[in-house]
Amino acid sequence: MHVDHLTLACLRDRLDGLLGARVQRIVLPDERSLGLELYAGRRLQLLISANTQHPRALLVPQKPRRGVQSATPLLLLLRKWVRDSRLTDVTQPPWERILTLHFEGAAGPCRLVAELIGRYSNLILVGPDGDVLEAVKHVGPEINRYRVTLPAHPYEPPPQPPGRQVPTAVTAQAWAGILSSVEEDRPLRRVLTSQLFGVSPTAAREVAVRTMGDPEAEARDAPPHGVAEALAELFSPLEDGVWNPHVALDEQERVIAFAPYELRQFDRRQPVPTISEAMWRYFEERLTTDAYAAARRRVQKLVDDAVSNVENALDQVRAQRVDQDQVDALREAGELVLTYQNRISPGATEVTVPDYEGQPRTIELAPDKTPVENAQAIFERYRKADRAAERIPARIRALEADRDYLEQLEADLALAESRPEIDAVHEALVEAGWTPKKPQQSSSAMAKRPRRFDIGDFPIFVGRNAPQNEQVTFRRGDPDDLWLHVRGLPGAHVIVKSGGRDVPQEVIEGAARLAAYYSSARESDRVDVDVTERRFVKRAPGRRPGMVTYRNERTLLVEPGLGP
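Numbering-wise, the numbering used here comes out as the position in the sequence shown, counting from 1, plus 55.
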């Protein structure tokens, strides 16, 4: 579920009514969250979290409890700059999932920037000079050379993706222009999220429903005037401030979605007084029922550290890439120096000779070397560059495979339903060499057993982490069995044991629903799931457990769930 630009804009309008409120209390409920008690005639509790799985900002009905017992550098600075200060402004950059709270206190003016952007979420305290005072997550140049988030460094906002259009400026004519470069069968929702600023998947599905009555409608079937009108209707509260917060419910009356507008994409929906109440009802059930939250947070920190190390290594290796044209130019330079050595005067620092196409080429020389020695030195540089040209792409592929594996482990952790499954992620990090810390070994054996479901008389095995995926696919799966996996995202490997029989379509769809449910797309309304025979699934060369390639697949669009 997405705390998107519109959701934060709705909250911003509510917080605008609290300008002048005094900050009475500051707590850290966990390592990535912040609770502020604001007094504006009555006490109000503001919770802001940079949790990578559930980033959010909302007014909550009860005081956030202190979860971090020691006084961290961030907490000490918040006490100095923000406690007893007044909230003077609340701003939001155009189309961003960022909320900035401005405070004025005894220490001077400061800003608290809440960047609620998925795995890159952060809470950053910025001083009056624009420099970072402290942040929940430090991002050094070894992680992101273009945007450093460290104390005493200038705060830089995240860059916006290039080539997108402003949704409020989309006319029927502009939409027709966008469609001219879109693949014929691409869903409208995907075109909206990729071409427009500030449109989340939830908002995109809402536009598709309001335009075509179908969240999966194809973009080319959508009337341009209808798309423009739906966008204008959805984003009009940015101008008139008339919000209409809603929640969507499942058959058990559980909240499955929220938005600052009527969720017509859901049959069961109801209005709520504020967007904070909508978010609270959604997140309360998902977060307060997690009995393993502390253990999950500890392992998530290890995963985050490993991801940072891998991305840093990728940046360094990519910077060493050698263009093949440069390699060939070195070889040619050495050959030309040998060919035209009689033209080179002693002590020369360069020589200009015809290249193989008859064009003049100037080659730098070492004045203290003979022509043959210069050629040998150039050939040595050529051999080094040639080796790098062969070695670096393989190293990049290996690091990208590590990054994919870490994304799978992150999904495994988010979906873990027991302490053994959390420990299994920790153990995988240890086995991969990303952390020296050892998890408790006594409970992790339970996490090695895949889960079994039965639809009719067809057994279905579901791997809920990387080692289980390896076991399900290559130990339990036979060549004639069906193999399923969510398309393009981390998730479970699912095997349908066919026993040599044809598998009914309702069984395949039930297995696809399981694959979607046990994936990082669990909270989505509809998910693409690939189906192929197990014989067409191969271990990815040199990759970690559970990482595969496959072919001859067909794709089903299903709703995540545990039932057939």
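For each residue, glycine too, the CB sits at the ideal point set by N, CA and C. Note that this is a predicted model, so its numbers are computed, not measured.
Within 8 Å, strictly: CB atoms of residue i and residue j
i: aspartate 47; j: glycine 160; result: Because residue 47 is not part of the residues shown, which for the chain are 56 to 619, the question remains open.
i: histidine 548; j: glycine 616; result: no
i: valine 382; j: tyrosine 437; result: yes
i: phenylalanine 513; j: valine 551; result: yes
i: alanine 283; j: glutamine 375; result: no
i: valine 541; j: alanine 487; result: no
i: proline 256; j: threonine 266; result: no
i: alanine 229; j: glutamine 220; result: yes
i: glycine 546; j: serine 574; result: yes
i: leucine 156; j: leucine 167; result: yes
i: phenylalanine 406; j: leucine 393; result: The sequence shown places valine at residue 406, rather than the phenylalanine named in the question. No. Outside cutoff.
i: leucine 369; j: isoleucine 447; result: no
i: proline 213; j: leucine 251; result: no
i: isoleucine 515; j: leucine 468; result: no
i: glutamate 561; j: aspartate 585; result: no
i: arginine 141; j: alanine 76; result: yes
i: methionine 56; j: alanine 471; result: no
i: glutamine 320; j: glutamate 239; result: no
i: glutamine 100; j: glutamine 79; result: no
For residue i: DSSP bridge partner residues
i: alanine 303; result: Ala312, Arg324
i: isoleucine 81; result: Leu91
i: glycine 546; result: Ser574
i: lysine 593; result: Thr604
i: histidine 540; result: Asp585
i: histidine 481; result: Paired residue(s): none; histidine 481 is not in a bridge.
i: isoleucine 179; result: Val168, Ala190
i: threonine 146; result: Thr155
i: arginine 111; result: Ser104
i: glutamate 405; result: Glu419
i: aspartate 509; result: Pro514
i: proline 242; result: Glu273
i: threonine 204; result: Val194
i: glutamine 220; result: Leu251
i: valine 551; result: Ile515, Leu537
i: arginine 98; result: Tyr94
Cβ neighbours of residue i in the same chain (closer than 8 Å, five flanking residues each side left out)
i: histidine 109; result: Phe338, Arg341, Leu342
i: arginine 106; result: Just to set this straight, residue 106 is asparagine in the shown sequence, not arginine. For asparagine 106, where only same-chain residues beyond five positions count, the Cβ hits under 8 Å are Asp85, Arg87, Ser88, Ser176.
i: threonine 528; result: Gly518, Trp538, His548, Ile550, Arg589, Val592, Gly601, Val603
i: proline 164; result: Thr143, His157, Phe158, Pro183
i: proline 196; result: Val203
i: proline 505; result: Phe516, Val517, Gly518, Arg519, Gln523, Gln526, Val527, Arg531
CB-CB length for residue i against residue j, believed under 8 Å
i: arginine 324; j: alanine 303; result: 5 Å
i: alanine 571; j: valine 582; result: 4 Å
i: leucine 188; j: proline 206; result: 6 Å
i: threonine 143; j: leucine 74; result: 6 Å
i: alanine 227; j: proline 279; result: 4 Å
i: glycine 26; j: alanine 430; result: The chain is shown only over 56 to 619; residue 26 falls outside these bounds and no answer can be derived.
i: aspartate 535; j: glycine 555; result: 6 Å
i: isoleucine 198; j: asparagine 367; result: 5 Å
Same chain, Cβ closer than 6 Å to residue i, five either side skipped, listed in chain order
i: leucine 243; result: Ala263, Ala272, Ala274, Ala277
i: valine 327; result: Pro300, Val302, Ala333
i: alanine 190; result: Asn177, Ile179, Thr204
i: glycine 90; result: Val82, Pro84, Leu102, Pro119
i: cysteine 65; result: Trp298, Pro315, Ile330
i: aspartate 68; result: Gly296
i: arginine 241; result: Ala274
i: alanine 259; result: Arg244, Leu247, Thr248
i: valine 225; result: Ala283, Leu286
i: methionine 501; result: For methionine 501, the predicted model reports a pLDDT of 48, less than 50, meaning its position is unreliable and no value from the coordinates is stated.
i: threonine 632; result: Any question about residue 632 goes unanswered here, given that the chain covers just 56 to 619.
i: alanine 162; result: Lys135, Trp136
i: alanine 95; result: Leu73, Ala76
i: tyrosine 395; result: Val408
i: leucine 391; result: Val408
Cut-off 7 Å between Cβ atoms - residues of its own chain near residue i, not counting five sequence neighbours on either side
i: histidine 60; result: Trp150, Glu151, Arg152, Gly253
i: proline 422; result: Gly402, Ala403, Thr404
i: aspartate 295; result: none
i: glutamine 495; result: Bear in mind that a pLDDT of 49 at glutamine 495, under 50, signals an unreliable position, so the number given afterwards is only what the model happens to contain. Only Asp478 meet the Cβ criterion.
i: lysine 424; result: Ala432
i: arginine 398; result: Val406, Val408
Within-8 Å CB hit, residue i to chain C
i: arginine 245; result: Protein chain content of the structure displayed is limited to a single chain, and chain C is not contained in it.
Check: residue i C-beta below 7 Å from any heavy atom of the ligand GTP
i: serine 88; result: Of ligands this structure carries none, so the ligand GTP is not represented either.
Does the segment 592-601 come close enough to the segment 445-465 to have 3 or more Cβ pairs within less than 8 Å?
The answer is yes - the segment 445-465 touches the segment 592-601, with three or more Cβ pairs under 8 Å.
Would you say the segment 286-299 touches the segment 232-239, given that touching needs at least three Cβ pairs under 8 Å?
no
Check whether the segment 112-120 and the segment 173-183 are in contact - that is, three or more C-beta pairs closer than 8 Å.
no
At least 3 beta-carbon pairs within less than 8 Å: the segment 379-396 vs the segment 478-494:
Contact fails: fewer than three Cβ-Cβ distances are below 8 Å.
Is it a yes or a no for the segment 349-365 touching the segment 459-466, going by three-plus beta-carbon pairs under 8 Å?
yes
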